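Residue numbers (our numbering): 242 to 575. Step one of this worksheet: look at the structure below.
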Amino acid sequence: MTPRLSVVCIAYNAAPYIRAALDGFLAQKTNFPFEVLVHDDASTDGTAEIIREYAEKRPDVIRAVFQKENQWSKGVAVSSTFLWPLVRGEYVAMCEGDDYWTDPLKLQKQVDWLDAHPDSSVCFHPVVVHFEDGSHKDSAYPMPKDCPDGFTFEGLLKHNFMQTNSVVFRWKLKGRENEVPADITPRDWFTNLLHAEKGPIGFIPEAMGVYRRHSGGVWWNSPDAPDVFYLRNGFRHLAFYKAVKNRFGYDNPCAVDLAANTIAAHIRAGNADAAADVVKTYPEYVGRALGATEERDRLARELARARRRFARTAWIAAIAVAATVLMLLSAILP
């Protein structure tokens, strides 16, 4: 029987969590058939073995894809390359391997809502945000108060209020998988926008899943350790904002601060080439950042600190950092 909904799940080194995700999928009670598409990206901690165990027990539901070499590290967009082409359902639900669902009627409720609103292509709900290290109390997100612009497409352009494990889409990307750029972070936000572009966004005010924050996650502790985020994801996040501007016509002002913060982080880390790449690739954002006196002064202070720091260790590298970045910045100053 052809599934009406496809669950898409990607996993990498998620052995402590993947059972909860798979159990949450199999616990779903629906009046329609669904399939689970799960991808393991060459995990080294036993995640693949756990997925195989479940796939062997429920071959009628679970279709698994296993990699021998990690694809994400090669720049491959894993979901759109390996799982999206396998989708057979009219609807698609997302949940990464370290998150999970808590309501066995989640899929039924969201499909019922979409069936009742044929002009809509996405329905979502709050999730419980859980920090694995216990550093923060559990909290539900989002609530209406978190989104002053409302749960609208215009609000979604400004801020991604849909967690990946909360969405069900009326799938628009069959045969159009490459419409989501491969070199951006976060790709789920772009996917949300493509589905929310036309029609209302469905919101069911019930927390029906858990979003884990842990040290292996992309967004782990980003407010408390921003340099780690900027060094790892700043460039791809800038690519996201540029892709949104090109596709949807919205120029998010957050990109300006992101450009300045990413350059500053690379200067602090002594990465002259990476700082220069940001300037060369995103001159429109960097130029606007430098148009603000406080941002220009802040970057100048970072360069001064870099020179002093490297003077104590490797003064030649300090000169390279300062000279390269100052040359490029001066080239775009008015």
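Using N, Cα and C, we set each Cβ at its ideal position, and we do this for glycine too. Predicted model only: the values in this text are computed from it and were never measured.
| Query | Result |
| --- | --- |
| Thinking C-alpha only, which one of Met384, Asp498 and Lys413 is nearest Val446? | Sequence check: residue 446 is Pro here, not Val. Checking every option, the nearest Cα to that of Pro446 belongs to Met384. |
| Can you give me the Cβ contacts of Asp264 inside the same chain, cut-off strictly under 8 Å, excluding the 5 residues immediately before and after it? | Tyr341 |
| What's the call for Leu327, buried or exposed, on a 16-neighbour Cβ count within 10 Å? | exposed |
| Rounded to whole angstroms, what's the CA-CA distance from Phe394 to Phe444? Just pull it up for me. | 13 Å |
| If contacts are defined as beta-carbon pairs under 8 Å, then Lys266 and Val277 qualify, I think. What distance do you get, rounded to the angstrom? | In the sequence as presented, Lys is not what sits at residue 266; that position holds Phe. The pair is a contact, with the Cβ atoms about 5 Å apart (cut-off 8 Å). |
| Please confirm whether Asn419 and Ser320 have their CB atoms less than 8 Å apart. | no |
| Using the Cα positions of His377 and Lys486, report the straight-line distance between them to the nearest angstrom. | 34 Å |
| Thinking C-beta only, is Asp424 closer than 8 Å to Pro477? | Sequence check: residue 477 is Arg here, not Pro. In this structure, Asp424 lies closer than 8 Å to Arg477 by Cβ. |
| Output the distance between the C-alpha atoms of Pro427 and Tyr482, rounded to the nearest integer angstrom. | 10 Å |
| Thinking just about the alpha-carbon of each residue, which of His400, Arg245, Tyr295 and Asp374 is nearest to the one in Ala496? | His400 |
| If you follow the alpha helix (DSSP H) that Ile291 is part of, which residue opens it and which one closes it? | Thr288 to Lys298 |
| Beta carbon of Tyr332, beta carbon of Arg411: below 8 Å? | yes |
| In the structure shown, what three-state DSSP assignment does Cys250 receive? | strand |
| Give me, in chain order, the residues of the same chain whose beta-carbon lies closer than 6 Å to that of Ala480; leave out the 5 immediate sequence neighbours on both sides. | Asp424 and Ile425 |
| Buried or exposed for Ser314, going by 16 or more other Cβ atoms inside 10 Å? | exposed |
| Output the distance between the C-alpha atoms of Ile303 and Gly475, rounded to the nearest integer angstrom. | 35 Å |
| Helix, strand or coil: which one does DSSP assign to Asp514? | helix |
| Report the three-state DSSP secondary structure of Glu276 (helix, strand or coil). | strand |
| Taking 7 Å as the limit between beta carbons, can you name the residues of its chain near Lys415, skipping five residues before and five after? | Val328 |
| Thinking just about the alpha-carbon of each residue, which of Val279, Gly287 and Phe365 is nearest to the one in His300? | For clarity, residue 300 is Pro in the given sequence; the question names His instead. Nearest of Val279, Gly287 and Phe365 to Pro300, Cα basis: Val279. |
| Using a Cβ-Cβ cutoff of less than 8 Å, which residues in the same chain neighbour Val421 once the five nearest sequence positions on both sides are dropped? | Ala318, Ser321, Leu414, Arg428, Phe431, Thr432 and Leu435 |
| How would you label Val519, buried or exposed, when you count the other beta carbons within 10 angstroms and need 16 or more for buried? | buried |
| Can you give the Cα-Cα distance for Leu348 and Ala530, rounded to whole angstroms? | 44 Å |
| I'd like the list of long-range same chain contacts for Asp339, defined as Cβ closer than 6 Å, with 5 residues on each side in sequence excluded. | Ala255, Tyr258 and Arg453 |
| Excluding the five sequence neighbours on either side, which residues of its own chain have a C-beta within less than 7 Å of the C-beta of Thr285, listed in chain order? | Asn254 |
| Tell whether a beta-carbon distance below 8 Å holds between Val306 and Phe365. | no |
| Using the rule of at least 16 other Cβ atoms within 10 Å of the residue's Cβ for burial, across every protein chain shown, is Ser362 buried or exposed? | buried |
| Tell me the residue span of the alpha helix (DSSP H) that contains Phe307. | That residue, Phe307, is in no alpha helix (DSSP H); its beta strand (DSSP E) goes Ile303 to Phe307. |
| When you compare each of Met449, Ala357, Phe273 and His358 to Gly330 by their alpha carbons, which one comes out closest? | Phe273 |
| Cβ of Gly396 within 8 Å of Cβ of Asp387? | no |
| Could you check what DSSP says for Gly443 in three-state terms: helix, strand or coil? | strand |
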